[in-house]
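I have placed the structure first, in the form of structure tokens, so that the comments after it can refer back to it.
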Amino acid sequence: MSFTIKTLRTKKADEECTVAVHSSGLKVYLSTKESFTNNYAVFGTHYGSIDTEFAVNGGEMISVPEGIAHFLEHKLFEGEYGDAFTKYAVTGASANAYTSFNRTCYLFSCSGKFYENLDILLSFVSSPYFTPETVQKEQGIIGQEIRMYEDVAGWRVLFNLLRAMYHNHPVNIEIAGTKESIAKITDKTLYDCYKTFYNPSNMFVCICGNFEVQRVLDMIDEKIEDKGKTEIIRSTHSEPDTIVNAYIEEKMEVSMPLFVAGIKDTEWTIKRTSKNIETANLFLELVAGKTSPLYNELLSEGLINNNFSTEYFYGNGYSALLFEGESNNARLVQERILAAIEEIKQNGTDESLFGDLKRKLYGKKIRAYSDAEGSVDEMIGCIMEDFEPFESLTALESVSLEDIKAFANQLKAENFALSVILPAKN
115 MSFTIKTLRT
125 KKADEECTVA
135 VHSSGLKVYL
145 STKESFTNNY
155 AVFGTHYGSI
165 DTEFAVNGGE
175 MISVPEGIAH
185 FLEHKLFEGE
195 YGDAFTKYAV
205 TGASANAYTS
215 FNRTCYLFSC
225 SGKFYENLDI
235 LLSFVSSPYF
245 TPETVQKEQG
255 IIGQEIRMYE
265 DVAGWRVLFN
275 LLRAMYHNHP
285 VNIEIAGTKE
295 SIAKITDKTL
305 YDCYKTFYNP
315 SNMFVCICGN
325 FEVQRVLDMI
335 DEKIEDKGKT
345 EIIRSTHSEP
355 DTIVNAYIEE
365 KMEVSMPLFV
375 AGIKDTEWTI
385 KRTSKNIETA
395 NLFLELVAGK
405 TSPLYNELLS
415 EGLINNNFST
425 EYFYGNGYSA
435 LLFEGESNNA
445 RLVQERILAA
455 IEEIKQNGTD
465 ESLFGDLKRK
475 LYGKKIRAYS
485 DAEGSVDEMI
495 GCIMEDFEPF
505 ESLTALESVS
515 LEDIKAFANQ
525 LKAENFALSV
535 ILPAKN
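Listed below in structure tokens is the structure:
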């Protein structure tokens, strides 16, 4: 067998994960749960919408059309000998795929015929088939999808914010691209990007459920070809520390104003570790999590509702704290969030509150392992950042009050941007 294998365990969560690396470089994370009746599997690649400029094996930088990663995701389901969704319909699996800023994932969930479904997944992702005719047809389909997203207020408010925060980084580009950019995509550019980013050394398989580890590894070994490892250098796009605009608004057909406020986090973008990520997540809980003082104040005053949420938004070359929800006075919400951050900078954090929220966040991580999809999402997060399974648990435990204050101190008020969608009719 062409694998190096190790098993990692954590007593605190009573979990274990088999980590296998194929001779091709493919990473495989497997979590077996005998009590589960459902299996969840993902075959993914480190390739997302931000990968518009890159160099391969020491060559010159290459530029590709915006939206090509998403386009490629669509096209892979349509193989030379049939559509993957049709095959899944026969087995009864629920299948899907998604492209985000930094990854593309193909997935299925099933309660039966797991190995048949895994064979479908491994086969169609490994068998690209593009022609000029099918590419042209897909351009029309994705063009309609782009127009559809233009009418989704929640989507627009986020990308308006990203355009307000980022000057050059392609995180400010729509994941599906534009009608103009996808018109430049050809079957050749699809094959070129597939050859680069769908090399097994840039890919991963994550599975959680009731299955035999050895049988899964045997299937992967049979299906995955060692194509030689590819070294990909991704452009950082010379992104300045500053934001573009502090405020941006748009009017759409919404019943309630939407907002996303974001603080561009420049310092930790380049030194992200598992501890830094958990520090940022805990910081968000302390500032405006659902059990924080500020959240309850804003809720009682009617400035936000239960749709309010926070997120540490990060990837290759970008990092930000996001606060999003619905409000008739988003500017005041932003001011209150900034005041809460300044309070931590000046006076630190209440030790009792810190302990309570830290335990809450730790418990949330433990609970994620009781769900097949949650477990796989944790695995993918580890692979994307090159962390070991369960590393985040140890990292969260090590976060101190001093770490929280240090994180707050490197945030700059002038890097706080606000995006708002207002009702078209006042």
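Numbering (this note's numbering), first residue to last: 115 to 540.
Backbone N, C-alpha and C define an ideal beta-carbon position, used for all residues, glycine too.
All values derive from a computational prediction rather than experimental measurement.
Open item on the list: Can you look up residue 205 in the DSSP assignment and give me helix, strand or coil?
Closed with: Residue numbering aside, residue 205 sits at position 91 when the sequence shown is read from its first letter. The answer is helix: DSSP assigns residue 205 an H, G or I state.
Task: Sheet register partners of residue 474 (DSSP bridge) - done: Sequence index remark: in the sequence shown, residue 474 carries index 360 (1-based). Paired residues: none, contrary to the question.
- [ ] Determine the closest residue to residue 352 out of 428, 283, 371, 414, with distance taken between C-alpha atoms.
- [x] As a first step, residue 352 is located in the sequence shown; it is residue number 238 there, counting from the start. When only C-alpha atoms are compared, the closest one is 283.
Open item on the list: Measuring straight from C-alpha to C-alpha, what distance separates residue 526 and residue 442?
Closed with: Within the sequence shown, numbered from 1, the residue matching residue 526 stands at position 412. Within the sequence shown, numbered from 1, the residue matching residue 442 stands at position 328. If you take the alpha carbons of residue 526 and residue 442, they lie about 25 Å apart.
Open item on the list: If you follow the beta strand (DSSP E) that residue 77 is in, where does it begin and where does it stop?
Closed with: The question about residue 77 has no answer, for the chain in this structure spans 115 to 540.
- [ ] Have a look at residue 228 and residue 536 and give me their C-alpha separation to the nearest angstrom.
- [x] Locating residue 228 in the sequence shown gives position 114, counting from the first residue. Locating residue 536 in the sequence shown gives position 422, counting from the first residue. Roughly 47 Å between the two C-alpha positions.
Open item on the list: Just verifying my parser: in three-state terms, what is the DSSP assignment at residue 173?
Closed with: Within the sequence shown, numbered from 1, the residue matching residue 173 stands at position 59. DSSP places residue 173 in coil when its eight states are reduced to three.
- [ ] Out of 414, 428, 530, 192, point me to the one whose CA is closest to residue 359's CA.
- [x] Residue mapping note: residue 359 aligns to position 245 of the sequence shown, counting from 1. If we check each option's Cα against that of residue 359, 530 comes out closest.
Open item on the list: When you compare the CB positions of residue 368 and residue 533, do they come within less than 8 Å of one another, or not?
Closed with: Here the question's residue 368 lines up with position 254 in the sequence shown. Here the question's residue 533 lines up with position 419 in the sequence shown. No, they are not a contact pair.
TODO: Tell whether a beta-carbon distance below 8 Å holds between residue 215 and residue 469.
DONE: Numbered from its first residue, the sequence shown carries residue 215 at position 101. Numbered from its first residue, the sequence shown carries residue 469 at position 355. In this structure, residue 469 does not lie closer than 8 Å to residue 215 by Cβ.
Open item on the list: To test your reading of the DSSP string, which unbroken beta strand (DSSP E) runs of 3 or more residues are found completely within the region 354 to 442?
Closed with: 361 to 366, 372 to 378, 423 to 429, 432 to 440
- [ ] Specify whether the region 126 to 145 and the region 496 to 506 touch according to this definition: at least 3 beta carbon pairs, one from each stretch, less than 8 Å apart.
- [x] yes
- [ ] Determine, using beta carbons only, whether residue 507 comes closer than 8 Å to chain C.
- [x] Note that chain C does not occur in the displayed structure, where there is just one protein chain.
Task: Residue of 362, 142, 122, 120 minimising C-alpha distance to residue 497 - done: What you label residue 497 is simply residue 383 of the sequence shown in a count that begins at 1. When only C-alpha atoms are compared, the closest one is 142.
Open item on the list: So, does the region 389 to 403 touch the region 433 to 453, judging by three or more C-beta pairs under 8 Å?
Closed with: yes
Open item on the list: Rounded to the nearest angstrom, what separates residue 226 and residue 233 at their Cα positions?
Closed with: Taking the first residue of the sequence shown as position 1, residue 226 is located at position 112. Taking the first residue of the sequence shown as position 1, residue 233 is located at position 119. Roughly 13 Å separates the two Cα atoms.
- [ ] Using beta-carbon positions only, say whether residue 451 and residue 518 come within less than 8 Å of one another.
- [x] In the sequence shown, residue 451 corresponds to position 337, counting from 1. In the sequence shown, residue 518 corresponds to position 404, counting from 1. No, they are not a contact pair.
Task: Residue span of the alpha helix (DSSP H) that contains residue 161, given as start and end - done: The sequence position of residue 161 within the sequence shown is 47, counting from 1. Here residue 161 belongs to no alpha helix (DSSP H), and DSSP marks it neither H nor E.
- [ ] Find out if the Cβ-Cβ distance for the pair residue 346, residue 310 is shorter than 8 Å.
- [x] Residue numbering aside, residue 346 sits at position 232 when the sequence shown is read from its first letter. Residue numbering aside, residue 310 sits at position 196 when the sequence shown is read from its first letter. Going by C-beta atoms, residue 346 is nearer than 8 Å to residue 310.
Task: Cutoff 7 Å; reference residue 222; Cβ partners in own chain excluding five residues on either side - done: Numbered from 1 along the sequence shown, position 108 holds the residue referred to as residue 222. Cβ neighbours of residue 222 beyond the five flanking positions: 155, 202, 207, 208, 209, 231, 235.
Task: Touching by the beta-carbon criterion (3+ pairs, under 8 Å), the region 174 to 188 and the region 295 to 306 - done: yes
- [ ] Pull up the distance between the alpha-carbon of residue 323 and that of residue 146, whole angstroms please.
- [x] On the sequence shown, position 209 is the one that residue 323 refers to. On the sequence shown, position 32 is the one that residue 146 refers to. Cα to Cα, residue 323 sits roughly 5 Å from residue 146.
Task: Of the residues 288, 378, 415, the one placed nearest residue 357, counting alpha carbons only - done: Translated into the one-based positions of the sequence shown, residue 357 becomes position 243. Here the closest residue by C-alpha is 378.
Open item on the list: My output table needs one value for residue 341: the three-state DSSP class, helix, strand or coil.
Closed with: Start at 1 with the first residue of the sequence shown, and residue 341 comes out as number 227. In this structure, residue 341 counts as coil in the three-state DSSP scheme.
TODO: Express the C-alpha separation of residue 247 and residue 554 in angstroms, rounding to a whole number.
DONE: Coverage of the chain is limited to positions 115 through 540, which leaves residue 554 absent and any answer about it impossible.
TODO: Determine, using beta carbons only, whether residue 417 and residue 446 come nearer to each other than 8 Å.
DONE: Mapped onto the sequence shown, residue 417 falls at position 303. Mapped onto the sequence shown, residue 446 falls at position 332. Contact: yes.
Open item on the list: Determine whether the beta carbon atoms of residue 191 and residue 256 lie at a separation below 8 Å.
Closed with: Here the question's residue 191 lines up with position 77 in the sequence shown. Here the question's residue 256 lines up with position 142 in the sequence shown. No, these two residues do not count as a Cβ contact at 8 Å.
- [ ] Using only alpha-carbon positions, find the residue among 515, 514, 493, 520 that is nearest to residue 131.
- [x] Position 17 of the sequence shown holds residue 131. Ranking the options by Cα distance to residue 131, first place goes to 493.
- [ ] Determine the contact status of residue 259 and residue 290, defining contact as a CB-CB distance below 8 Å.
- [x] For the purposes of this step, residue 259 is taken as residue 145 along the sequence shown, with counting starting at 1. For the purposes of this step, residue 290 is taken as residue 176 along the sequence shown, with counting starting at 1. In this structure, residue 290 lies closer than 8 Å to residue 259 by Cβ.
Task: Beta-carbon contacts of residue 280 that lie in its chain and below 6 Å, excluding the five residues immediately before and after - done: Here the question's residue 280 lines up with position 166 in the sequence shown. For residue 280, where only same-chain residues beyond five positions count, the Cβ hits under 6 Å are 286.
Task: Residues that residue 317 bridges to, as DSSP identifies them - done: Translated into the one-based positions of the sequence shown, residue 317 becomes position 203. DSSP output for residue 317 lists 159 as bridge partner(s).
- [ ] Report buried or exposed for residue 405, applying the criterion of at least 16 other Cβ atoms within 10 angstroms of its Cβ.
- [x] On the sequence shown, residue 405 is found 291 positions in, with the first residue counted as 1. By the 10 Å Cβ count, residue 405 comes out exposed.
Open item on the list: Measuring straight from C-alpha to C-alpha, what distance separates residue 386 and residue 427?
Closed with: As a working mapping, residue 386 is identified with position 272 in the sequence shown. As a working mapping, residue 427 is identified with position 313 in the sequence shown. Answer to the nearest angstrom: the Cα atoms are 12 Å apart.
TODO: Would you mind giving the Cβ-Cβ distance between residue 138 and residue 355, rounded to the nearest angstrom? I have them listed as a contact below 8 Å.
DONE: Indexing the sequence shown from 1 puts residue 138 at position 24. Indexing the sequence shown from 1 puts residue 355 at position 241. With 8 Å as the limit, residue 138 and residue 355 do not qualify as a contact, their Cβ atoms being about 39 Å apart.
Open item on the list: What does the alpha-carbon distance come out to for the pair residue 337 and residue 140?
Closed with: Counted from its first residue, the sequence shown places residue 337 at position 223. Counted from its first residue, the sequence shown places residue 140 at position 26. Spanning the two alpha carbons is a distance of roughly 12 Å.
Task: Length of the line joining the Cα atoms of residue 524 and residue 480 - done: Here residue 524 refers to the residue found at position 410 of the sequence shown. Here residue 480 refers to the residue found at position 366 of the sequence shown. Their Cα atoms are separated by approximately 30 Å.
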